[in-house]
Amino acid sequence: MRERRTPPPASAQELLINLGRLVDDALDRIKFQRARVELAIALQRHMLPPTLPTLPGLQLAARYAPSQNGLDVGGDWYDAFLMTDGTVGITIGDAEGHDVEAIAFMGQVRTSLRALAGPTTDPGEVLSHANDLLLSMGCERFATCCFLRFDPISGDLAISRAGHVPIVWACADGSSDVALDHGGPPLGVVSGERYPVSRLRLLTAGSLVLLTDGVVEGPTYPIEEGLAEVARLVCAGFGDDPDALAAEVVKVADLTGHSDDAAVLVARYSGIPAAA
C-alpha cells in the first residue's frame, strides 16, 4: 500500500499573497454592492417629487428615511398635486419589494394616480381605476396606498385607503383621530375592487399626517403602539411648522427597529378662511 504524500507546507509569503487576493476580492464585492445600493437610493429619491405645492391656508412637508439595512431599498413614496377642481390630492404608499424593481413599480403607481386624478377627483374612484390599470398591465407586484382629497377653502376632506396605514390628524378645537376606516385591499390584487371613501370637515386649524408602515411598525414593535405615539406627537404639535412635525414623526421609526423604509407627509391647515 502506497503512502499518500502530503503537499509541502506553503511558505509564509505564499500565504500572505493568497490572503491579499481574498481581501481584494472581498473589497471589490463590497464596493460593487455599495455602488448598487447608492444608485438605487438615488433612483428612489429621483422618483419622489422635488417640491410640494403651496396653497393659501395649506402647508405641506415630507420626510423620508431609508431602511437601516443598507442592502434594502424600498418602494415608499409620497406625492401632492393640484387637481382639476382646485382641491389638492395627497398620496402616500408603499410598493411591494426591496429592490430596484420595487422602485420602478412605485414610479408607475405614483404616475398612474396623478394621471387618473384628472378625469375624477373622488379618491375611491381614483384608487379603483389605478387598481384596474395595474392589473391590466400584468404587474406582478402590489402596492398599498392612501389617497386624500382636501379642499382648503371649505375644509372638506375625503379619504380612501388601499391596504395602507391610517392617517392621523388633530385640530385646534381639540378633535383628533386615527382614521381607522375600512378601506380596501392593496392595489394590484383584486380585479374590479371598489374603495370606500370616508368624509369629514375640518372647521379649525390643524394637521393631517400620512405615513408608511416603516414609521410605526417593526419586528418587536406593534403598529398600535406606533400609531399611538404618532397620535401623541400630532396632538401636541398640530400647530407647529409642518417640517418640524414631520421630522418628529419620522423619529418614531427609530423605536420600531426601522427595518423598512419610512415616509411621512404632513399637511398643516390654517382653518376655513373668514370670507368663506
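Residues -7 to 268 (the numbering used here) make up the sequence shown, in order. All C-beta atoms, glycine included, are put in the ideal place defined by N, C-alpha and C.
For this session: Using alpha carbons as the reference points, say which of L149, I145, H156 and P58 lies closest to I95.
Result: Ranking L149, I145, H156 and P58 by CA distance to the CA of I95 puts P58 first.
For this session: Would you mind giving the Cβ-Cβ distance between G176 and P188, rounded to the nearest angstrom? I have them listed as a contact below 8 Å.
Result: The Cβ separation is near 7 Å, so the contact holds.
Problem set entry | Assigned exposure category for H174 - 16 Cβ within 10 Å defines buried | Counting Cβ neighbours within 10 Å, H174 comes out exposed, since fewer than 16 surround it.
Exercise. Going by the beta-carbon positions, is the gap between V160 and S168 smaller than 9 Å?
Worked result: Between V160 and S168, the gap from beta carbon to beta carbon is short of 9 Å.
Exercise. What's the call for A267, buried or exposed, on a 16-neighbour Cβ count within 10 Å?
Worked result: Unreliable placement is indicated for A267, whose pLDDT of 47 sits below 50; the coordinate value is still reported in the next sentence. By the C-beta density criterion, A267 is exposed, having fewer than 16 other C-beta atoms within 10 angstroms.
Exercise. Alpha carbon to alpha carbon, what distance is there between L14 and P50?
Worked result: The residue asked about is misnamed: residue 50 is Leu in this sequence, not Pro. Computed Cα separation, rounded: 57 Å.
For this session: Kindly indicate which three-state DSSP category F97 falls into: helix, strand or coil?
Result: Helix at F97.
Exercise. A72 to I145, Cα distance in whole Å?
Worked result: Within the model, the alpha-carbon separation for A72 versus I145 is close to 17 Å.
Exercise. At which residues does the alpha helix (DSSP H) containing T248 begin and terminate?
Worked result: Following the DSSP letters along the chain, one finds T248 inside the alpha helix (DSSP H) bounded by residues A245 to T248.
For this session: Please work out which residues of its chain come closer than 7 Å, Cβ to Cβ, to L172, disregarding the five sequence neighbours upstream and downstream, and give them in chain order.
Result: So the list reads P158, once near-sequence residues are dropped.
For this session: Assign A162 to one of three DSSP states: helix, strand, or coil.
Result: Strand at A162.
For this session: Leaving aside the five residues before and after E240 along the sequence, list all residues of the same chain whose C-beta is less than 6 Å from its C-beta, in chain order.
Result: The residues are L225.
Problem set entry | Inter-residue Cα distance where the pair is D252 and R260 | The alpha-carbon of D252 is positioned some 26 Å away from that of R260.
Exercise. Where does S128 land, buried or exposed, given buried means 16+ other C-beta within 10 angstroms?
Worked result: Burial call: exposed.
Problem set entry | Straight-line Cα distance separating S120 from R269 | Residue coverage of the chain in this structure runs from -7 to 268, which leaves residue 269 outside it and unanswerable.
Problem set entry | Touching by the beta-carbon criterion (3+ pairs, under 8 Å), the stretch 107 to 115 and the stretch 84 to 93 | Taking a contact to require three or more Cβ pairs closer than 8 Å, the stretch 107 to 115 and the stretch 84 to 93 do not qualify as touching.
Exercise. Can the beta-carbon of L237 be found closer than 9 Å to that of G229?
Worked result: Less than 9 Å divides the Cβ of L237 from the Cβ of G229.
Exercise. Where do the ends of the alpha helix (DSSP H) carrying S190 lie?
Worked result: Careful: S190 lies outside any alpha helix (DSSP H), inside the beta strand (DSSP E) at S190 to R193.
Problem set entry | Top-ranked residue by Cα proximity to C138, from C131, E93 and L149 | For C138, the closest C-alpha among the options C131, E93 and L149 is that of L149.
For this session: Report the rounded CA-to-CA distance for P298 versus D205, giving the unit in angstroms.
Result: Residue 298 cannot be examined here, being either before or after the span of the chain that is shown, -7 to 268.
Exercise. For the beta strand (DSSP E) that L202 lies in, which residues bound it at each end?
Worked result: Taken as a continuous stretch (DSSP letters only), the beta strand (DSSP E) holding L202 covers G198 to L203.
Exercise. Where A54 and Y70 are concerned, what is the direct C-alpha to C-alpha distance, given to the nearest angstrom?
Worked result: Approximately 8 Å, taken between the alpha carbons.
Problem set entry | Sequence-distant residues of the same chain with beta carbon closer than 6 Å to D271, five excluded per side | With the chain running from -7 to 268 in the structure shown, residue 271 is simply not present.
For this session: Would you identify the three-state DSSP class for V170, choosing helix, strand or coil?
Result: For V170, the secondary structure class from DSSP, reduced to helix, strand or coil, is strand.
Exercise. Measuring CA to CA, which of E93, A220 and V208 is closest to A162?
Worked result: That would be A220, whose Cα lies nearest to the Cα of A162.
Problem set entry | Residue range of the unbroken beta strand (DSSP E) whose run includes G81 | For G81, the uninterrupted beta strand (DSSP E) segment begins and ends at V80 to A87.
Problem set entry | For M75, the nearest candidate out of L192, V222, T136 and L140 (CA to CA) | Looking at the Cα atoms, L140 is the closest of the given residues.
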